[in-house]
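S.K.: Quick note on this note's numbering: the sequence shown kicks off at 566 and runs consecutively. Even glycine gets a Cβ: it sits at the ideal position worked out from N, Cα and C.
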Amino acid sequence: MNEEQRQLIMVWSIRVLEPKLISIGPVVLKCYVNKPELEKIYEKTLSVKENLFETISKEVIKTKKEISKKAKSNSLILIEVSGKGFAYKHGGKIEDTGEEKLLFPAPSKLIKIGVYQKGKLSWFKPKKGEEIYVYEGIIDVPEDVDFVVIDTDNGSHVLVVEKIMQSEEKNEETGNSQKQ
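Right under this line is the structure:
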């Protein structure tokens with residue numbers, strides 16, 4: 566059986582985001598910043614013998630390996646491929662330490678952070694001109710913060726501070742109980 570082979574022209578966009586620790590208002594956050602020197606946009610023609618998705622996936626894996634040699638460990642690589650009638654997005658870490666918490670479901674540009682503290686919600690924006698991305702990271706907030714709102718170009722996500730669980734654990738350790 567002779568497989569049909571197609572030539573498809575695709576536009577590839579590659580962005581590398583490196584980890585960075587920043588402060589926004591009372592929040593300290595491990596997030597990601599764009600590395601423009603590793604950014605690429607180019608056109609590529611691929612021969613598609615099999616399933617289009619499989620062909621692109623294989624090429625994305627090769628591309629990710631090439632880029633990982635130039636980027637810091639724990640960086641995010643975002644690859645977008647588009648062509649006539651399709652678009653494909655891939656995002657993933659070069660190396661995962663497993664220490665991070667999911668701050669936002671997908672790598673997204675941070676617009677502002679809301680901090681609910683002492684019964685009031687206050688909003689804080691990144692420094693002017695700073696392009697920050699959130700995904701997996703570390704967040705540190707003062708003890709009197711109840712929750713944090715991460716507002717991005719892809720929507721908002723609420724992170725509830727885990728004080729209730731911490732106070733219950735302390736009560737169990739000391740033998741105090743609030744249950745009656």
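Look up residue 608 in the DSSP assignment and give the residues it is bridged to.
M.R.: Answer is 576, bridged to residue 608.
S.K.: To test your reading of the DSSP string, which unbroken beta strand (DSSP E) runs of 3 or more residues are found completely within the region 623-680?
M.R.: With a minimum length of 3 residues, the continuous beta strand (DSSP E) runs that stay inside the region 623-680 are 641-648, 651-658.
S.K.: Looking at the structure shown, is residue 691 part of a helix, part of a strand, or coil, going by DSSP?
M.R.: In this structure, residue 691 counts as coil in the three-state DSSP scheme.
S.K.: Evaluate residue 651 with the Cβ neighbour count: other Cβ atoms within 10 Å of its Cβ, from every protein chain shown; 16 or more gives buried, anything less gives exposed.
M.R.: Under this definition residue 651 is an exposed residue.
S.K.: Note down, in chain order, each residue of its chain lying with its Cβ closer than 6 angstroms to the Cβ of residue 609, except the 5 sequence neighbours on either side.
M.R.: Closer than 6 angstroms at Cβ, skipping near neighbours: 575, 577.
S.K.: Would you mind giving the Cβ-Cβ distance between residue 621 and residue 646, rounded to the nearest angstrom? I have them listed as a contact below 8 angstroms.
M.R.: Indeed, because the Cβ distance is near 6 angstroms, the residues count as touching under 8 angstroms.
S.K.: Residue 748 and residue 698 look like a contact to me (Cβ under 8 angstroms); what is the Cβ gap, rounded to whole Å?
M.R.: The requested residue 748 does not occur in the structure, where the chain is confined to residues 566 to 745.
S.K.: With burial defined as no fewer than 16 other Cβ atoms inside 10 Å of the residue's Cβ, what is the status of residue 687: buried or exposed?
M.R.: It counts as exposed.
S.K.: For the beta strand (DSSP E) containing residue 725, name the first residue and the last one.
M.R.: Per DSSP, residue 725 belongs to the beta strand (DSSP E) from 720-725.
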